[in-house]
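With the sequence shown counted from 1, adding 1 to any position gets you my numbering.
Think of the CB as a built atom: it goes at the ideal place given N, C-alpha and C, for glycine as much as any other residue.
Computed from a prediction, not measured in an experiment: that's the story for all the values here.
Data block below; observations after.
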Amino acid sequence: MKKIEHLGIAVKDLKVSNELFSKLLGTAPYKEEKVASEGVATSFFQCGETKVELLEATNPDSPIAKFINKKGEGIHHIAFEVDDINAEMQRLEKEGFVLINKVPKRGADNKMVCFLHPKSTNSVLIELCQEISE
Ligand code: ZN
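Following this line, the structure appears as structure tokens:
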């Protein structure tokens, strides 16, 4: 694991939260992106070395909709940057962590991602992400 690449925050209204976080961080989002397969609309803020990702559900079956129904808005996941996502997934599975997806999938912000099940990580949803090299 190289560093915390971003923090994911579940929000009810991306537009409202974009304004809030623009004020908080003193900068506008550098990117907004929908990930249809995950049912989310995202925006990204750069904050020094790391980023803040806001996530809004785009349909009622979205994992973000379920999260907000259960827990309300707030920190949804922590994403760690890795050099070799496949190797890291193998290593973590051997260590007993439960992978939510068995193969990396395409996430937002030009990344291949994999999530670890919170039941194996003290209830913290962990994302591994690796930049896609063009
Ligand atoms: Zn993320």
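Can you name the start and end residues of the alpha helix (DSSP H) that residue i belongs to?
i      : result
Lys-95 : 86–95
Lys-24 : 15–26
With DSSP as the reference, please indicate the residues paired to residue i in a beta bridge.
i       : result
Ile-10  : Leu-55, Ile-76
Ala-42  : Lys-35, Glu-57
Glu-50  : For Glu-50, which the question treats as bridged, DSSP gives no partner whatsoever.
Lys-4   : Glu-82
Lys-71  : DSSP, once it has assigned bridges, lists no residue as partnering Lys-71.
Lys-106 : Val-114
Note the first and the last residue of the continuous beta strand (DSSP E) segment covering residue i.
i       : result
Val-114 : 112–117
Leu-129 : 127–132
Val-36  : 32–36
Tell whether a beta-carbon distance below 8 angstroms holds between residue i and residue j.
i       : j       : result
Gly-9   : Glu-54  : yes
Leu-126 : Cys-115 : no
Lys-67  : His-7   : no
Ile-133 : Asn-111 : yes
Phe-81  : Met-2   : yes
Leu-93  : Leu-56  : no
Ile-65  : Ala-11  : yes
Ser-63  : Glu-34  : no
Can you confirm whether the region 59–75 touches the region 84–100 when touching is taken to mean that 3 or more C-beta pairs between the two stretches lie within less than 8 angstroms? With the cut-off at 8 angstroms, the region 84–100 and the region 59–75 do not touch.
Is the number of C-beta pairs between the region 15–25 and the region 98–105 that are closer than 8 angstroms three or more? Contact between the region 15–25 and the region 98–105 is absent, because fewer than three Cβ pairs lie under 8 angstroms.
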